[in-house]
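> For the record, the sequence lines run as chains Z and L.
Per full-length UniProt numbering, the first sequence runs over residues 1 to 216.
Per full-length UniProt numbering, the second sequence runs over residues 1 to 216.
Beta carbons are placed, not taken as given, at the ideal position from N, Cα and C, and that holds for glycine.
Just dropping this structure here.
Number of protein chains: 2
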Amino acid sequence: MQAGKPILYSYFRSSCSWRVRIALALKGIDHEMITINLIKDGGQQFSKEFQALNPMKQVPVLKIDGITIGQSLAIIEYLEETRPTPRLLPQDPKKRASVRMISDLIASGIQPVQNLSILEQVGQEKQLTWAQNVITSGFTALEQILQSTAGRCCVGDEVSMADLCLVPQVANAERFKVDLTAYPTISRINKTLLSLEAFQVSHPCRQPDTPAELRA
Amino acid sequence: MQAGKPILYSYFRSSCSWRVRIALALKGIDHEMITINLIKDGGQQFSKEFQALNPMKQVPVLKIDGITIGQSLAIIEYLEETRPTPRLLPQDPKKRASVRMISDLIASGIQPVQNLSILEQVGQEKQLTWAQNVITSGFTALEQILQSTAGRCCVGDEVSMADLCLVPQVANAERFKVDLTAYPTISRINKTLLSLEAFQVSHPCRQPDTPAELRA
Numbered sequence: 001m002q003a004g005k006p007i008l009y010s011y012f013r014s015s016c017s018w019r020v021r022i023a024l025a026l027k028g029i030d031h032e033m034i035t036i037n038l039i040k041d042g043g044q045q046f047s048k049e050f051q052a053l054n055p056m057k058q059v060p061v062l063k064i065d066g067i068t069i070g071q072s073l074a075i076i077e078y079l080e081e082t083r084p085t086p087r088l089l090p091q092d093p094k095k096r097a098s099v100r101m102i103s104d105l106i107a108s109g110i111q112p113v114q115n116l117s118i119l120e121q122v123g124q125e126k127q128l129t130w131a132q133n134v135i136t137s138g139f140t141a142l143e144q145i146l147q148s149t150a151g152r153c154c155v156g157d158e159v160s161m162a163d164l165c166l167v168p169q170v171a172n173a174e175r176f177k178v179d180l181t182a183y184p185t186i187s188r189i190n191k192t193l194l195s196l197e198a199f200q201v202s203h204p205c206r207q208p209d210t211p212a213e214l215r216a
Numbered sequence: 001m002q003a004g005k006p007i008l009y010s011y012f013r014s015s016c017s018w019r020v021r022i023a024l025a026l027k028g029i030d031h032e033m034i035t036i037n038l039i040k041d042g043g044q045q046f047s048k049e050f051q052a053l054n055p056m057k058q059v060p061v062l063k064i065d066g067i068t069i070g071q072s073l074a075i076i077e078y079l080e081e082t083r084p085t086p087r088l089l090p091q092d093p094k095k096r097a098s099v100r101m102i103s104d105l106i107a108s109g110i111q112p113v114q115n116l117s118i119l120e121q122v123g124q125e126k127q128l129t130w131a132q133n134v135i136t137s138g139f140t141a142l143e144q145i146l147q148s149t150a151g152r153c154c155v156g157d158e159v160s161m162a163d164l165c166l167v168p169q170v171a172n173a174e175r176f177k178v179d180l181t182a183y184p185t186i187s188r189i190n191k192t193l194l195s196l197e198a199f200q201v202s203h204p205c206r207q208p209d210t211p212a213e214l215r216a
């Protein structure tokens, strides 16, 4: 099957989309982007066309090499296996385990419990507290784990998949007004990573679907 | 660092612990088990000793080769990299992507939103409906995805990490009285897998900490 340029389905504010945008930027993978507005028209992810692409009705989705992949970490692992340079997983299996543990802590333990569709079910008056509790509890654990894994980045000094999860989650934390002073290691790593170009070009404030008032 | 037998920290009913128990059984990895009762004493996962082991206060945790790994999929990926036989990820990167997509769909998209600590926050009167909605929505997507990936198992005919996620999630669905007739492919694969020894010895009804009234 001949495939053209990879196509990323993305929403500027989706933290899971941002993870993949960083991976594509770091690995320098030329691609097209189709934006899916999760709010407009009752949510474009609920359209028939998009559901056929991803029955989970979530972004990101990546069409690449003739296949369609949903779930951000599955996408990043596929990119890593097929476009290994620069690597987003260390060579040492024990360090790879740390990277995946931190990635999963964020991708399974924090993000899904504070995402848009869950917060809608929680109800407007409780949303902020709910999200803050989830993130605070996850970040408390993460801050402790980072004491034994972090260098300049989450695991040692090289950017890894864990960092691709960290930065978008910190942005969510800021959006939900979580006080980050209790997490000096998370804050330090986040700051370091945000100075890198791949994290900047992929940032929610610089996407084609970023509303004018949120642009930077 | 010299390491003895791997130690799995597990709770009989934890679906994430079950995933790892299946992996250990399939790969024939000799190990010890320490049971953590998530309910007794207000939750043994909140003890100082356990928090030092896993700041996320969750099972499973695996101590192996001198390291401590939390997060079930990170554990399984580590086992796969260090004990590759029998394989739990296919050789073809595209099929690996399908396995990881299905695993993440369950491990990020379904399980975390219906786990014990979230249901406690949702409140007793809404718990059942909440869990049913989450599982129904995830299974509807999964049933559709399996149409293009499944053989005898979730991806083709070989047992993979996706199957290790599927069976425990179906058990949760049954516990929450989800009607499974709408998911014939999920039900068929689940039945096939439950006939395998590794899925049976690891089953919640056959663990050292299974209460007498739930034993089978």
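Quick test of your reading: residue 42 of chain L and residue 58 of chain L, contact by CB under 8 Å. State the CB separation rounded to the nearest angstrom.
As a working mapping, residue 42 of chain L is identified with position 42 in the second sequence. As a working mapping, residue 58 of chain L is identified with position 58 in the second sequence. Distance from residue 42 of chain L to residue 58 of chain L at the Cβ level is roughly 15 Å; contact not present, criterion being Cβ atoms closer than 8 Å.
> Please confirm if residue 95 of chain L has its CB atom under 7 Å from at least one CB of chain Z.
Locating residue 95 of chain L in the second sequence gives position 95, where the first residue counts as 1. No, its Cβ sits nowhere closer than 7 Å to a Cβ of chain Z.
> Could you tell me which residues DSSP pairs with residue 67 of chain Z in its beta bridges?
To locate residue 67 of chain Z, count along the first sequence from 1; it is residue 67. Its beta-bridge partners are Z:64.
> Using 8 Å as the cut-off, can you tell me whether the region 145-156 of chain L makes contact with the region 121-130 of chain L, which would need three or more C-beta pairs spanning the two stretches below that distance?
Touching, no.
> What number of angstroms, rounded off, separates the C-alpha of residue 132 of chain L from the C-alpha of residue 171 of chain L?
By one-based count along the second sequence, residue 132 of chain L stands at place 132. By one-based count along the second sequence, residue 171 of chain L stands at place 171. The straight-line gap from Cα to Cα measures roughly 13 Å.
> Helix, strand or coil, according to DSSP, for residue 1 of chain L in the structure here?
Reading the second sequence from its first residue, position 1 is the one you call residue 1 of chain L. For residue 1 of chain L, the predicted model reports a pLDDT of 47, less than 50, meaning its position is unreliable; a value from the coordinates is still stated below. Coil, per DSSP.
> Using C-beta distances below 6 Å, list every residue in its chain close to residue 102 of chain L, excluding the 5 sequence neighbours before and after it, in chain order.
In the second sequence, residue 102 of chain L corresponds to position 102, counting from 1. Around residue 102 of chain L: 154 and 162.
> Taking DSSP as the reference, what is the three-state secondary structure of residue 38 of chain Z?
Taking the first residue of the first sequence as position 1, residue 38 of chain Z is located at position 38. The three-state secondary structure of residue 38 of chain Z, taken from DSSP, is coil.
> Going by beta carbon distance, what residues of the same chain come within less than 6 Å of residue 151 of chain L, once the five residues before and after it are set aside?
The residue you call residue 151 of chain L lines up with position 151 of the second sequence. The answer, listed in chain order, is 157.
> Exposed or buried, residue 197 of chain L, counting other C-beta atoms within 10 Å across all chains shown (16 or more means buried)?
Residue 197 of chain L sits at position 197 when you count from the first residue of the second sequence. With a threshold of 16 other beta carbon atoms within 10 Å, residue 197 of chain L falls short and is exposed.
> Evaluate residue 205 of chain L with the Cβ neighbour count: other Cβ atoms within 10 Å of its Cβ, from every protein chain shown; 16 or more gives buried, anything less gives exposed.
Translated into positions along the second sequence, residue 205 of chain L becomes position 205. With fewer than 16 Cβ atoms within 10 Å of its Cβ, residue 205 of chain L is classed as exposed.
> When we look at the beta-carbon of residue 30 of chain Z and count the other beta-carbons within 10 Å, is it buried (16 or more) or exposed?
Residue numbering aside, residue 30 of chain Z sits at position 30 when the first sequence is read from its first letter. Classification for residue 30 of chain Z: exposed.
> State the DSSP-derived secondary structure class of residue 138 of chain L, mapped to helix, strand or coil.
Indexing the second sequence from 1 puts residue 138 of chain L at position 138. Residue 138 of chain L: helix per DSSP, three-state reduction.
> Please check the pair residue 77 of chain Z and residue 100 of chain L, which I expect to be a contact at CB under 8 Å, by giving their CB distance rounded to whole angstroms.
Here residue 77 of chain Z refers to the residue found at position 77 of the first sequence. Here residue 100 of chain L refers to the residue found at position 100 of the second sequence. Right, the Cβ-Cβ distance comes to about 5 Å (below 8 Å), so this counts as a contact.
> What residue ranges within the UniProt domain "GST C-terminal" (92-212) of chain L form continuous alpha helix (DSSP H) runs of no fewer than 4 residues, ordered along the chain?
DSSP runs (the alpha helix (DSSP H)) wholly in the UniProt domain "GST C-terminal" (92-212) of chain L: 93-109, 116-122, 127-149, 161-175, 184-194 and 197-201.
> Would DSSP call residue 72 of chain Z helix, strand or coil?
Counted from its first residue, the first sequence places residue 72 of chain Z at position 72. Note: residue 72 of chain Z maps to helix in three-state DSSP.
> Thinking residue 14 of chain Z and residue 38 of chain Z are a contact (beta carbons under 8 Å), I'd like their distance in whole angstroms, please.
Residue 14 of chain Z sits at position 14 when you count from the first residue of the first sequence. Residue 38 of chain Z sits at position 38 when you count from the first residue of the first sequence. Cβ-Cβ separation between residue 14 of chain Z and residue 38 of chain Z: approximately 7 Å, consistent with a contact (criterion under 8 Å).
> How about residue 108 of chain Z and residue 108 of chain L: are their beta carbons less than 7 Å apart?
Your numbering for residue 108 of chain Z matches position 108 in the first sequence. Your numbering for residue 108 of chain L matches position 108 in the second sequence. Cβ distance < 7 Å, so residue 108 of chain Z and residue 108 of chain L count as in contact.
> Would you please verify whether the beta carbon of residue 106 of chain L is less than 7 Å from any beta carbon of chain Z?
Indexing the second sequence from 1 puts residue 106 of chain L at position 106. Judged by the 7 Å Cβ criterion, residue 106 of chain L is not in contact with chain Z.
> Near residue 33 of chain Z, which residues of its chain fall below 6 Å by C-beta distance, leaving aside the five closest residues on each side in sequence?
In the first sequence, residue 33 of chain Z corresponds to position 33, counting from 1. For residue 33 of chain Z, the CB contacts under 6 Å within the same chain, skipping 5 residues up- and downstream, are 8 and 10 in chain order.
> Okay, do the region 46-55 of chain Z and the region 82-96 of chain L touch, 3+ Cβ pairs below 8 Å being the bar?
Touching, no.
> Suppose the cutoff is 6 Å on Cβ atoms and the five residues either side in sequence are ignored; what does the same chain contact list for residue 90 of chain Z look like?
In the first sequence, the residue the question calls residue 90 of chain Z occupies position 90. Closer than 6 Å at the Cβ level, and outside the excluded window around residue 90 of chain Z, lie 96.
> For the region 135-162 of chain L, list every residue whose C-beta sits within 9 Å of some C-beta in chain Z, in sequence order.
137, 138, 140, 141, 142, 143, 144 and 145
> With distance defined between alpha-carbon atoms, name the residue in L:63, L:128, L:22 and L:24 nearest to residue 174 of chain L.
Taking the first residue of the second sequence as 1, we reach residue 174 of chain L at position 174. Ranking L:63, L:128, L:22 and L:24 by Cα distance to residue 174 of chain L puts L:128 first.
> Run through chain Z and tell me which residues come within less than 7 Å of residue 92 of chain L, C-beta to C-beta.
Locating residue 92 of chain L in the second sequence gives position 92, where the first residue counts as 1. Result: empty, since nearest Cβ-Cβ is about 10 Å, beyond 7 Å.
> Please list the partners that residue 82 of chain Z has in chain L, where partner means a Cβ-to-Cβ separation under 8 Å.
Within the first sequence, numbered from 1, the residue matching residue 82 of chain Z stands at position 82. 93, listed in chain order.
> Within 10 Å of its beta-carbon, does residue 215 of chain L have 16 or more other beta-carbons around it, so buried, or fewer, so exposed?
Position 215 of the second sequence, counted from the first residue, corresponds to residue 215 of chain L. The residue is exposed, with fewer than 16 neighbouring Cβ atoms inside 10 Å.
> Going by the CB atoms, is the gap between residue 178 of chain Z and residue 110 of chain Z shorter than 7 Å?
By 1-based counting over the first sequence, the position of residue 110 of chain Z is 110. By 1-based counting over the first sequence, the position of residue 178 of chain Z is 178. No, the Cβ-Cβ distance between residue 110 of chain Z and residue 178 of chain Z is not below 7 Å.
> If you draw a straight line from the C-alpha of residue 60 of chain L to the C-alpha of residue 73 of chain L, how long is it?
The residue labelled residue 60 of chain L in the question sits at position 60 within the second sequence. The residue labelled residue 73 of chain L in the question sits at position 73 within the second sequence. Between residue 60 of chain L and residue 73 of chain L, the C-alpha separation is close to 10 Å.
> Are the Cβ atoms of residue 22 of chain L and residue 202 of chain L separated by less than 7 Å?
In the second sequence, the residue the question calls residue 22 of chain L occupies position 22. In the second sequence, the residue the question calls residue 202 of chain L occupies position 202. Yes; because the gap between Cβ atoms is below 7 Å, this pair is in contact.
> Given that a residue counts as buried once 16 or more other Cβ atoms are within 10 Å of its Cβ, and exposed if not, what is residue 44 of chain Z?
Locating residue 44 of chain Z in the first sequence gives position 44, counting from the first residue. Its Cβ being crowded by 16 or more others within 10 Å, residue 44 of chain Z is buried.
> Give the DSSP-derived three-state secondary structure of residue 89 of chain L in the structure shown.
Working through the second sequence from its first residue, we reach residue 89 of chain L at position 89. Note: residue 89 of chain L maps to coil in three-state DSSP.
> Name the DSSP beta bridge partners of residue 24 of chain Z, please?
Translated into the one-based positions of the first sequence, residue 24 of chain Z becomes position 24. According to DSSP, residue 24 of chain Z bridges with nothing at all.
> For residue 204 of chain L, which residues in chain Z fall below 9 Å Cβ to Cβ?
Walking along the second sequence from the start, residue 204 of chain L turns up at place 204. Within 9 Å Cβ-Cβ: nothing; residue 204 of chain L doesn't reach chain Z, min ~20 Å.
> Please report the straight-line C-alpha distance between residue 288 of chain L and residue 187 of chain L, rounded to a whole angstrom.
There is no way to answer for residue 288 of chain L, as the model of chain L reaches only from 1 to 216.
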